[in-house]
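Participant:
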Amino acid sequence: MPYRTVSAVWKNNILDIEDALRRWIINLPEFIPESGCDVFFRADDIGFPGKQFSAMTEVFKKHKTPLALAVVPCWVNELRINSLIDELKPDMNLWCIHQHGYRHINTEVTGKKFEFGPSRDEETVLKQLARGRAKLEKLLEDNFCPIFTPPWNRCSAATMKCLVELKFKALSRSINVKPCPLDMLPDLPVSIDLHTRKENSAHESLEALLQEMTESIKSGTAGFMLHHQRMNHRSIQFLDILLPALKNTKNIRLESLRTLA
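In the numbering used here, the protein residues as written are 8 to 268.
#1: May I have a chain-ordered list of the alpha helix (DSSP H) segments no shorter than 4 residues that lie completely inside the region 120-175?
#2: F151: which of I92, V66, S226, A252 sits nearest, CA to CA?
#3: How big is the Cα-Cα spacing for E129 and D98?
#4: Using the Cα positions of H105 and V171, report the straight-line distance between them to the nearest angstrom.
#5: Give the range of the alpha helix (DSSP H) segment to which M63 is assigned.
#6: Checking the sheet assignment: what are the DSSP bridge partners for W31?
#7: Return the chain-ordered ranges of every beta strand (DSSP E) run that is complete within the region 220-248 and spans a minimum of 3 residues.
#8: Can you tell which of D52, P196, G57 has its C-alpha closest to the C-alpha of Y109?
#9: Have a look at A75 and R237 and give me their C-alpha separation to the nearest angstrom.
#10: So, is V79 buried or exposed, given that buried needs 16 or more other C-beta atoms within 10 angstroms?
#11: Taking only runs that begin and end inside the region 36-115, name each unbroken beta strand (DSSP E) of 3 or more residues, in chain order.
#12: For T12, collect the residues of the same chain with a Cβ closer than 8 angstroms to its Cβ; drop the 5 residues on either side in sequence, then sort them by chain order.
#13: In three-state DSSP terms, what is A215?
#14: Just to confirm, are L153 and M167 a CB contact at a threshold of 8 angstroms?
#15: Which value, in whole angstroms, describes the spacing of the CA atoms of I24 and W31?
#16: Below 8 angstroms between beta carbons: does that hold for I199 and E219?
#17: Tell me the rounded alpha-carbon separation between E206 and K119.
#18: So, using beta-carbon positions, are R49 and L250 closer together than 8 angstroms?
#19: I259 bridges to which residues according to DSSP?
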């Protein structure tokens, strides 16, 4: 599993982060549509537990908030899955453990990164998706949720066709990406990136993150994407404030990805 650097947003002073977040929370009711807003959290690049993974899951346990865990099939074995399950117990209903690609490698020679992109033939895609699903079903048994998150949040139309053939219930990518999802495969996109941000300035990154949160809440669906390898104590503290605030705000519905699917 590759090492990830910490994004600029989490290099702000913790007091500045807390102050900005609390001001955002005060204004939160103004952003919520009359019909309310569905909010979910999805953590990618899951392979085996460690200190950062534990810190992330503990804050979701503390606030009894659902978290979808996107597991890379080739990064796990029986020992790692058993360690993962031990870490997540006792309330397994909090977690939607689902499939994140197959090997999580870029297979495109040029352009944007894809594991299952336009250059790959449908037969190979189908075989790898099926192999990954079979492995996770065997290791996770009833704890496996048939949802697919593609690495880098993008995949080809052929991949989506294969997912339907393999009876996946939903897809979860980034918002406003192409190709459009199939009618038989609901897309549950993330729209708020907590940890793979590209801004260089800590202050600008924090402002951009809060703006993403505002626009997503206004839309009626807000999907948060997490990467535990890029988390530090500041991002954990951010979640420790945000989760109970969302939970206690009228017309905010904290949902499991499984339920939305």
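Beta carbons: idealized from backbone N, C-alpha and C, even for Gly.
As the structure is a prediction and not an experimental result, all values here were calculated from the model.
Facilitator: Walking through what the data contain:
#1: Within the region 120-175, the complete alpha helix (DSSP H) runs of at least 4 residues are 129-147, 164-172.
#2: Here the closest residue by C-alpha is I92.
#3: Approximately 38 angstroms between the Cα atoms of the pair.
#4: Computed Cα separation, rounded: 15 angstroms.
#5: Here the alpha helix (DSSP H) through M63 covers 58-69.
#6: According to DSSP, W31 shares a beta bridge with no other residue.
#7: Secondary structure remark: continuous beta strand (DSSP E) runs of at least 3 residues inside the region 220-248, in chain order: 228-233.
#8: The shortest C-alpha separation from Y109 is found at D52.
#9: Distance between the alpha carbons of A75 and R237: 17 angstroms.
#10: By the neighbour-count rule (16 or more Cβ atoms within 10 Å), V79 is buried.
#11: Secondary structure within the region 36-115: the beta strand (DSSP E) runs of 3 or more consecutive residues, fully enclosed, are 44-53, 74-78, 102-107 (chain order).
#12: Taken in chain order, the residues that qualify are R237.
#13: DSSP, read as helix, strand or coil, puts A215 in helix.
#14: First, the amino acid is wrong: residue 153 is Pro here, not Leu. No; because the gap between Cβ atoms is not below 8 angstroms, this pair is not in contact.
#15: Spanning the two alpha carbons is a distance of roughly 11 angstroms.
#16: Yes, these two residues count as a Cβ contact at 8 angstroms.
#17: When rounded, the separation of the alpha-carbon atoms in E206 and K119 is 19 angstroms.
#18: No, they are not a contact pair.
#19: Looking at the DSSP assignment, I259 forms a beta bridge with C44.
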